[in-house]
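2 protein chains.
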Amino acid sequence: MAPSLDVAARAASSHTVDGPAGQVAAPESVAGEQAAGARDIAAADLVVTHVEQRKSPPPASALVFGHTFADHMLAIEWTSAEGWQAPQIKPYGPLVLDPSSVIFHYAPSLFEGMKAYKDVEGKVRLFRPDMNMKRMNTSAERIALPTFSGKELIKLIAKLVELDAAWIPSEPGHSLYIRPALIGTQAALGVHPTTDALLFVISSPVGPYYKTGFKPVALEADPARVRAWPGGTGNFKLGSNYAPGIRPQMEAAKRGYQQNLWLFGDEHWLTEVGTMNLFVVLKKGEGIEIVTPPLDGMILPGVTRDSILALARDHAAGSIALEGVPQQVTVSERGINMGEIQQAEKDGSLCEIFGAGTAAVVSPVDRIGYMGKDIHIPVGEGGVGAVAKAMLQRIQDIQLGRVEHPWSVLVEDLVK
Amino acid sequence: MAPSLDVAARAASSHTVDGPAGQVAAPESVAGEQAAGARDIAAADLVVTHVEQRKSPPPASALVFGHTFADHMLAIEWTSAEGWQAPQIKPYGPLVLDPSSVIFHYAPSLFEGMKAYKDVEGKVRLFRPDMNMKRMNTSAERIALPTFSGKELIKLIAKLVELDAAWIPSEPGHSLYIRPALIGTQAALGVHPTTDALLFVISSPVGPYYKTGFKPVALEADPARVRAWPGGTGNFKLGSNYAPGIRPQMEAAKRGYQQNLWLFGDEHWLTEVGTMNLFVVLKKGEGIEIVTPPLDGMILPGVTRDSILALARDHAAGSIALEGVPQQVTVSERGINMGEIQQAEKDGSLCEIFGAGTAAVVSPVDRIGYMGKDIHIPVGEGGVGAVAKAMLQRIQDIQLGRVEHPWSVLVEDLVK
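Protein sequence lines correspond, in order, to chains Z and P.
Read left to right, the first sequence gives residues 1 to 416 (UniProt numbering).
Read left to right, the second sequence gives residues 1 to 416 (UniProt numbering).
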């Protein structure tokens with residue numbers, strides 16, 4: 001894309017139905033990083049080594065996000081000469097890497113976040129895993145890591161989840177968080193495409209994001225902190241997008257704000273919140289407008305973002321009915337800046353702001369610190385607005401199989 | 001700094017004498033990432049474990065940058081509760097890390113590049129190690145990794161270099177490349193300040209950058225590829241700044257250019273070249289102007305950059321005489337854009353362009369691909385311009401102790 005600093009065009013972005021692959025321009029294919037005829041990932045080549053003794057998952061009440069891991073992990077090595085090696089499911093254990101490995105020096109890393117759920121019949125389900133595979137490949141291509149067959153990796157992840165199904169908590173709102181990651185591992189200093197890589201998948205039982213009802217968050221909108229820019233990597237799920245956000249978050253926390261609202265440009269366009277996509281709900285005529293910034297190269301194409309947009313459009317078209325949401329809904333992928341938020345607060349048309357991501361699904365916002373003042377956002381009863389609440393309900397219904405939907409995939413069908 | 005997209009101010013940047021620490025605004029100090037009273041690095045606590053059998057360094061002619069490592073490494077662990085643990089020099093060997101370690105997911109990593117030289121008397125010298133320590137701490141602070149006493153780490157690096165002195169090639173132009181790195185290692189998913197970190201130092205014997213005379217490089221200046229942004233991290237030596245540059249470099253290479261010339265903004269300001277700082281030499285009246293982009297938050301405060309500026313100013317003031325360089329020199333840290341480069345090519349005032357960094361010291365440029373055309377830059381006899389050649393000569397004279405200078409430090413003085 002052109003690196004134009006004139007971001008006015010963002011406000012005029014069209015309302016096309018999106019999918020990450022459709023809007024993220026894939027970089028030109030470059031030959032040479034993988035030998036011709038190099039092997040793709042093949043689920044049929046899987047080698048499984050079981051743990052000698054299974055651990056007992058901790059009680060659901062004691063779970064802390066990302067601190068406890070299931071018995072097994074999936075690991076697949078890649079070399080530029082041979083391509084992908086035989087996939088291995090093996091006991092969860094450390095990675096052993098030369099200190100010169102490029103991962104420790106130049107940040108060739110990407111990851112995904114997915115969840116496995118036990119549905120109402122006790123069957124195990126994944127939510128839109130094809131979206132994660134697509135994005136993982138797009139991310140890999142951006143930083144010269146190897147790409148692969150997403151279908152084969154989904155099969156392997158399904159096998160891993162099936163083997164460790166005892167680690168999926170069955171309490172309501174609980175799930176098994178799945179973390180695929182891909183890192184460059186070549187043992188040689190120098191900023192070049194890596195000749196070696198490792199794809200691995202680990203999983204961690206997690207409790208509900210909101211244990212005791214919704215807790216709306218306060219955001220700090222500091223124009224001096226920039227998450228992404230045109231010609232950068234904000235639309236890829238790279239490790240390198242995350243470490244730089246840690247200190248801004250700590251500094252916002254010192255001032256009483258839980259997260260950063262990332263702005264861009266002189267007109268302070270809203271982009272993302274913390275590590276989530278962003279939605280704003282405005283009154284519009286007799287109904288509402290649901291707004292999210294467009295996939296302009298700086299926004300992560302989130303799976304939850306895409307799901308919310310699709311559900312909102314289904315609702316607007318009358319093919320589904322989201323409880324508590326006005327029938328008249330305009331769905332807009334368009335630029336929205338702080339001036340418009342301030343104006344909406346003033347004229348009473350600001351209904352809701354919420355973050356959207358895999359961990360929480362939705363995360364209501366009740367306050368934004370901006371230019372020395374606080375903007376207050378309604379959160380409704382129970383700390384959540386009508387749209388965020390309806391979206392959470394609908395997405396969870398699909399994830400848990402209470403509502404049949406092609407987004408929700410049975411693991412038993414994937415491993416066949 | 002303000003994230004203003006108006007970069008016109010860059011052109012007016014002052015010519016103040018710089019040092020990286022002077023111009024890189026340190027982020028506000030944030031309490032809480034390290035317990036009060038936590039230990040700093042203490043060289044006196046060093047524990048040394050020798051290799052059982054020393055390896056033989058390969059012949060100097062067979063060296064490939066960053067592929068061979070000396071016998072020992074330095075490792076220092078840190079925890080938020082206790083601070084820095086006792087430093088260890090031990091046999092070079094792999095890092096063993098949990099697959100959930102934050103380094104594999106969120107890129108909490110930074111590094112430095114330094115060199116040890118055998119001087120004309122066979123003594124071992126480092127070049128401005130205090131600059132590397134200062135920048136390492138600035139980088140650490142930016143991504144919530146722990147800071148430390150640079151003086152103590154220099155002592156420890158000197159001890160490591162002394163122990164592995166047999167690995168410093170004595171052939172002219174050869175050196176021992178030293179790579180300090182600092183990574184977050186906490187074994188838990190989640191984007192938060194890490195509770196665990198590892199600082200390690202490895203070293204690698206390297207040959208001269210130009211084995212058979214200078215090889216000028218061709219650069220591709222593609223405004224669609226952006227290395228850094230105001231409010232970003234371009235002025236810190238973070239791992240996360242490097243992986244995103246690999247694919248642009250591959251794509252430039254496909255079109256016959258060795259490196260990227262990183263531009264910024266609608267007016268196409270020059271910022272850096274590949275992983276180096278950038279210098280442009282222009283005719284000015286009877287003399288020349290030596291131009292480099294100012295440390296405006298997007299430029300890495302390079303040690304070689306700083307050294308070249310200081311030497312150029314000494315030359316201009318008459319306190320040193322650089323061979324082949326006109327006496328009348330204006331030294332400018334100011335914005336310079338592609339329009340000015342094109343104009344200078346047209347009116348014959350474009351004398352030289354070169355990159356500056358630890359690996360090559362100077363790297364002459366003979367061509368820039370820009371907007372579908374090539375700009376040709378004089379490189380003089382032997383493939384290098386007068387200023388680049390004189391700077392390389394002077395800096396090497398200092399590094400090798402042929403010219404006494406406070407920048408060059410004897411390892412035997414550091415380990416006392």
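All C-beta atoms, glycine included, are put in the ideal place defined by N, C-alpha and C.
From a predicted model like this one, the values you see are computed outputs, not experimental measurements.
Worksheet item: By Cβ distance, which residues of its chain are closer than 7 Å to P/Gln-259, with the 5 residues on each side in sequence left out?
Response: Val-217, Leu-219, Gln-249, Ala-252, Val-273 and Gly-274
Practice prompt. For Z/Leu-400, count neighbouring C-beta atoms within 10 Å of its own C-beta (all shown protein chains included) and say buried if the count is 16 or more, exposed if not.
Written response: buried
Worksheet item: Quick check: the segment 62-80 of chain Z against the segment 101-117 of chain Z, are there 3 or more CB pairs under 8 Å?
Response: no
Worksheet item: What are the boundary residues of the alpha helix (DSSP H) that includes P/Gly-391?
Response: Sequence inspection shows Met at residue 391 of chain P; the Gly mentioned does not correspond to that position. 386-399 is the span of the alpha helix (DSSP H), which, as asked, contains P/Met-391.
Fill in: Proximal residues of chain P, C-beta to C-beta of Z/Leu-278 below 9 Å
None at all; the shortest Cβ gap to chain P is about 16 Å.
Worksheet item: Count the other CB atoms within 10 Å of the CB of Z/Pro-406; is the residue buried (16 or more) or exposed (fewer)?
Response: exposed
Worksheet entry | Same chain only: Cβ atoms within 7 Å of P/Phe-200, ignoring 5 sequence neighbours per side | Met-73, Leu-74, Ala-75 and Ala-181
Worksheet item: Roughly how many whole angstroms lie between the Cα atoms of Z/Asp-374 and Z/Lys-389?
Response: 24 Å
Item to complete: Output, in chain order, the set of chain P residues within a Cβ distance shorter than 7 Å of Z/Met-73.
Response: Pro-99
Item to complete: To the nearest angstrom, report how far apart Z/Val-124 and Z/Tyr-117 are at their CA atoms.
Response: 6 Å
Practice prompt. State the DSSP-derived secondary structure class of P/Met-73, mapped to helix, strand or coil.
Written response: strand
Discussion item. Looking at P/Arg-179: is its Cβ nearer than 8 Å to the Cβ of P/Ile-143?
Written reply: no
Fill in: Rounded distance between the beta-carbons of Z/Glu-112 and Z/Asn-132, thought under 8 Å
4 Å
Discussion item. Helix, strand or coil, according to DSSP, for P/Thr-330 in the structure here?
Written reply: strand
Worksheet item: Buried or exposed: residue 417 of chain P, going by 16 or more other Cβ atoms within 10 Å of its Cβ?
Response: No statement about residue 417 of chain P is possible, as the shown extent of chain P runs from 1 to 416 and does not include it.
Worksheet entry | alpha helix (DSSP H) runs wholly inside the segment 240-305 of chain Z, at least 4 long, in chain order | 246-254
Discussion item. Looking at P/Pro-301: is its Cβ nearer than 8 Å to the Cβ of P/Arg-135?
Written reply: yes
Practice prompt. List the residues of chain Z that P/Ile-202 touches, going by C-beta distances under 7 Å, in chain order.
Written response: Pro-99 and Ser-100
Worksheet item: Counting along the chain, where does the alpha helix (DSSP H) carrying Z/Asp-347 start and finish?
Response: 338-347
Worksheet item: Which residues of chain P have a Cβ atom closer than 9 Å to the Cβ of Z/Trp-167, listed in chain order?
Response: Within chain P, no residue comes near Z/Trp-167; the closest Cβ sits about 14 Å away, beyond 9 Å.
Practice prompt. Determine the contact status of P/Trp-84 and P/Phe-148, defining contact as a CB-CB distance below 8 Å.
Written response: yes
Worksheet item: Is the shortest distance between the beta-carbon of Z/Gly-372 and the beta-carbons of chain P less than 8 Å?
Response: no
Discussion item. Taking its Cβ as the centre, do 16 or more other Cβ atoms sit within 10 Å of Z/Val-64, making it buried, or is it exposed?
Written reply: exposed
Worksheet item: Closer than 8 Å, CB to CB, is Z/Ala-43 near chain P or not?
Response: no
Worksheet entry | Below-8 Å beta-carbon distance, P/Ile-76 vs any chain Z residue | no
Item to complete: Name the two residues that bound the continuous beta strand (DSSP E) containing Z/Met-114.
Response: 114-118
Discussion item. Quick check: is the beta carbon of Z/Trp-229 nearer than 8 Å to any beta carbon in chain P?
Written reply: yes
Worksheet item: How many angstroms separate the CA atom of Z/Ala-360 from the CA atom of Z/Thr-233?
Response: 24 Å
Worksheet item: Among Z/Tyr-177, Z/Gln-396 and Z/Lys-151, which residue has its Cα nearest to the Cα of Z/Lys-416?
Response: Z/Lys-151
Discussion item. Below 7 Å on C-beta distance, what does Z/Ala-36 contact in chain P?
Written reply: The premise fails here: Z/Ala-36 is roughly 16 Å from chain P at the closest Cβ pair, so nothing lies under 7 Å.
Fill in: Where P/Pro-108 falls, given that 16 or more other Cβ within 10 Å makes a residue buried
buried
Discussion item. Tell me the residue span of the alpha helix (DSSP H) that contains Z/Ala-321.
Written reply: Unbroken run through Z/Ala-321: none, as it is neither H nor E.
Item to complete: Could you tell me whether any Cβ in chain Z is nearer than 8 Å to the Cβ of residue 436 of chain P?
Response: Since the first residue shown for chain P is 1 and the last is 416, residue 436 of chain P is missing from the structure and cannot be characterised.
Item to complete: Just grab the DSSP bridge partners of Z/Lys-373 for me.
Response: Z/Tyr-370
Worksheet item: Does the distance from the C-beta atom of Z/Glu-404 to that of Z/Pro-378 stay below 8 Å?
Response: no
Worksheet entry | Helix, strand or coil at P/Thr-79 [DSSP, three-state] | strand
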